[in-house]
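Per UniProt numbering, residue 1 is the first one in the sequence shown, and the count goes up by one each step.
Ideal Cβ placement from N, Cα and C applies to all residues, glycine included.
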Amino acid sequence: MDHGAHHNGHNGSVSSTEMPGLSIERSGYQIRDVSAPGVVGEDGTLSFRLTGPGGVALTEYDTAHDKDLHLIVVRTDGAEFRHVHPNNDGDGRWSMPWRWDAAGSYRVFADAVPTDLGSNVTLTSTTSVAGNLVPRPLPPESAVATVGDFTVTLDGSLGVGASSTLTFTVTRAGRPVETLEPYLGAYGHLVALRTGDLGYLHVHPMGEPGDGITKPGPDIEFMAAAPTDGTYLLYLDFKVDGRVHTAEFTVTAAPAAAPGNATAGSPEPEHSGAGH
Numbered sequence: 001m002d003h004g005a006h007h008n009g010h011n012g013s014v015s016s017t018e019m020p021g022l023s024i025e026r027s028g029y030q031i032r033d034v035s036a037p038g039v040v041g042e043d044g045t046l047s048f049r050l051t052g053p054g055g056v057a058l059t060e061y062d063t064a065h066d067k068d069l070h071l072i073v074v075r076t077d078g079a080e081f082r083h084v085h086p087n088n089d090g091d092g093r094w095s096m097p098w099r100w101d102a103a104g105s106y107r108v109f110a111d112a113v114p115t116d117l118g119s120n121v122t123l124t125s126t127t128s129v130a131g132n133l134v135p136r137p138l139p140p141e142s143a144v145a146t147v148g149d150f151t152v153t154l155d156g157s158l159g160v161g162a163s164s165t166l167t168f169t170v171t172r173a174g175r176p177v178e179t180l181e182p183y184l185g186a187y188g189h190l191v192a193l194r195t196g197d198l199g200y201l202h203v204h205p206m207g208e209p210g211d212g213i214t215k216p217g218p219d220i221e222f223m224a225a226a227p228t229d230g231t232y233l234l235y236l237d238f239k240v241d242g243r244v245h246t247a248e249f250t251v252t253a254a255p256a257a258a259p260g261n262a263t264a265g266s267p268e269p270e271h272s273g274a275g276h
């Protein structure tokens, strides 16, 4: 498996002009023909096509985090997050059964490594779902998120322009969870979205199962760098007892204080989650 090809999470800064997930096209690669059920509660299919330079169907992918393609779907207010893996139907088309749980405007992110490019592209499109829209306010910042009977605590601050360490600690009924199961080649998976434009950072934990160093909990560590200051939504996927859970946090990214200046307390997050 190739963990390194997937993104910009490990090596530090990402300029705002390079931030993924803001366009249907990048380097000649495009997401096209996004189709999904149009109303809440309707069973159907979510499908789309990926094409390469010249509009040729994209059919060859390098595996990244155990999958050829990662699909992130989230409402534009940050609610209703899903991280899924559709079926490759050939000829550049991907699909999977789909039902919307809530109305609104949604962003669809296709995250993959085209073999002929050799590096990650994150392409995005928008789709609308009819129904009674109930907007969700931005969750308040908190260092603690609750998902089911798990509590996840975040230690660390999301820095701007340079990598910082984010440590998530998973507990259940007050006891550390030391039986995290491998998920996508690691013990956790993190997606960060910038509020407003939903600019996309897809980072990966430090270490991996079987490396002789990384333990299966309770801590999951990531190196991450925000390209700009502002508010970000973090979605942490982790797997226990065969089920994937998603803990959600809201954090503020700010430049590091200059040496000798007082530092503010760590920006913090919030909660929420659902197994996929």
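> Once you ignore the five residues that flank Val177 on each side, which residues in its own chain have a CB closer than 8 Å to its CB?
Replying inline: Phe150, Val170, Thr171, Gly217, Pro218, Val240
>> My output table needs one value for Pro53: the three-state DSSP class, helix, strand or coil.
In response: helix
> Out of Trp94, Phe249, Thr63, which has the shortest C-alpha to C-alpha gap to Ser157?
Replying inline: Phe249
> Which partner residues of Phe81 appear in the DSSP bridge assignment?
Replying inline: The partner list for Phe81 (beta bridge, DSSP) is empty, contrary to what the question assumes.
> Taking buried to mean at least 16 other C-beta atoms within 10 Å of its own C-beta, is Arg107 buried or exposed?
Replying inline: buried
>> Just list the residues that DSSP pairs Thr151 with in beta bridges.
In response: Thr146, Thr171
> Would you call the CB atoms of Ala112 and Leu69 closer than 8 Å?
Replying inline: yes
>> With H, G and I counted as helix, E and B as strand and the rest as coil, what does DSSP make of Ala247?
In response: strand
>> Check for me: the beta strand (DSSP E) holding Thr231 runs from which residue to which?
In response: 230 to 240
> Between Leu201 and Val121, what straight-line distance do the alpha-carbon atoms span, to the nearest angstrom?
Replying inline: 11 Å
>> Cutting at 6 Å between CB atoms, please list the residues of its own chain near Val152, excluding the five before and the five after it.
In response: Ala145, Phe168, Val170, Ala247
>> Please tell me whether Leu138 and Gly104 are closer than 8 Å, where the distance is taken between their beta carbons.
In response: no
>> Which residue marks the beginning of the beta strand (DSSP E) containing Gly104, and which one marks its end?
In response: 104 to 114
> Start and end of the beta strand (DSSP E) containing Glu221?
Replying inline: 219 to 224
> So the beta strand (DSSP E) Trp94 belongs to, where does it begin and stop?
Replying inline: 93 to 98
> Among Glu60, Gly196, Leu71, Asp89, which has the Cα closest to the Cα of Leu184?
Replying inline: Leu71
> Looking only at C-alpha atoms, which of Ala253, Asp155, Arg243 sits nearest to Ala226?
Replying inline: Ala253
> Given that a residue counts as buried once 16 or more other Cβ atoms are within 10 Å of its Cβ, and exposed if not, what is Thr51?
Replying inline: buried
> Do the CB positions of Phe238 and Ile220 come within less than 8 Å of each other?
Replying inline: yes
> In three-state DSSP terms, what is Pro182?
Replying inline: coil
> DSSP on Asn132, reduced to helix/strand/coil?
Replying inline: coil
> Between the C-alpha atoms of Gly38 and Arg75, what's the straight-line distance to the nearest angstrom?
Replying inline: 14 Å
> From Pro182 to Gly188, what distance separates their C-alpha atoms?
Replying inline: 8 Å
> Just to confirm, are Glu80 and Ala110 a CB contact at a threshold of 8 Å?
Replying inline: no
> Is Val203 buried or exposed, if buried means 16 or more other CB atoms sit within 10 Å of its CB?
Replying inline: buried
>> Within a Cβ cutoff of 6 Å, which residues of the same chain sit near Gly78, ignoring the five residues on either side of it in sequence?
In response: Leu233
> CB of Asp197 to nearest heavy atom of the ligand COA: below 7 Å?
Replying inline: Within the structure as shown, the ligand COA is missing, as the structure has no ligands at all.
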